[in-house]
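Q: Residue numbers (the working numbering): 2 to 175.
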Amino acid sequence: SIATIPVTAITDANVEGDETLTLTLSPSVNYGINSASADITIKDLLFDAFRFEKFGTESLNTADDADFDFDGVPNLIEYAFGLDPTNQETPPFSLDVQASEGTSLVLTYDEDTTLDDIDYIVETSPSLSPASWTSVGVTINSGTITNGLETKTATIEMSDQARFIRIRINRTAP
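1) So which of 142, 17, 86 and 24 has the shortest CA-CA distance to residue 34?
2) Excluding sequence positions up to five away, which residues of its chain have a Cβ less than 6 Å from the Cβ of residue 18?
3) Is it buried or exposed for residue 1, if we count other Cβ within 10 angstroms and need 16 for buried?
4) Using a threshold of 8 Å, state whether the C-beta atoms of residue 136 and residue 124 are closer than that.
5) Check the DSSP bridge columns for residue 29 and list the partner residues they point to.
6) In its own chain, which residues sit with a C-beta less than 8 Å from the C-beta of residue 89, not counting the 5 before and 5 after it?
7) Using the Cα positions of residue 77 and residue 21, report the straight-line distance between them to the nearest angstrom.
8) Straight-line CA distance for residue 79 to residue 105?
9) In or out: residue 146 buried (at least 16 other Cβ within 10 Å) or exposed?
10) By DSSP, does residue 47 sit in helix, in strand, or in coil?
11) Hey, residue 108 and residue 81 are a contact pair by Cβ (cut 8 Å); roughly how many whole angstroms apart?
12) In the DSSP assignment, find the alpha helix (DSSP H) that holds residue 79 and state where it starts and stops.
13) Around the C-beta of residue 55, are 16 or more other C-beta atoms found within 10 angstroms, so that it is buried, or is it exposed?
14) Give the straight-line distance between the Cα atoms of residue 47 and residue 166, rounded to the nearest whole angstrom.
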């Protein structure tokens, strides 16, 4: 008979690059072994792999909300929108926001469909108060996907009061 030995990798928050695990079995008179060892590659979580690629083992200013290159854009935002967090020379980061016939505010942005470890959350607020942001009343429409980027439009209906719109990036649990 054949026995299968499951090996489960436990995720961690360490930025360390790929790791190789070698599982070696010792032969015994009680059983036979076709292959005495097997290699398994354990990969970092996507954002951790990005951090390792961009920063190596450097730990200063590499957190999600830190700004490694001091360009005003946090590392997690640079990750979500395909920017280089080590280079202030990266093309300026901006989003297209337009008023539609005076009745709506429309935000157009590209969402990277290959990044399954983050959520793009569009929120609106009548003020800039932290507690006032909500995704209620935001309509998201998906567009075309080109090279893993899906163009999306977020629309909010305007009222008599001021309205603000933003994209919040949230890391999802592994």
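Glycine residues also receive a C-beta, built at the ideal position from the N, C-alpha and C atoms.
A: Let's see:
1) Taking only the C-alpha atoms, the option nearest residue 34 is 24.
2) Answer for residue 18: 53, listed in chain order.
3) The structure shown does not extend to residue 1, since the chain spans only 2 to 175, so no value can be given for it.
4) Result yes, Cβ atoms of residue 136 and residue 124 sit closer than 8 Å.
5) Per DSSP, 32.
6) Once the five neighbours on either side are set aside, the close Cβ partners of residue 89 are 70, 71 and 72.
7) When rounded, the distance between both Cα atoms is 27 Å.
8) Roughly 28 Å separates the two Cα atoms.
9) The residue is exposed, with fewer than 16 neighbouring Cβ atoms inside 10 Å.
10) If DSSP states are grouped into helix, strand and coil, residue 47 belongs with the helices.
11) About 14 Å separates the two Cβ atoms, so there is no contact after all.
12) Unbroken alpha helix (DSSP H) run through residue 79: 76-81.
13) By the 10 Å Cβ count, residue 55 comes out buried.
14) Their backbone Cα atoms lie some 27 Å apart in a straight line.
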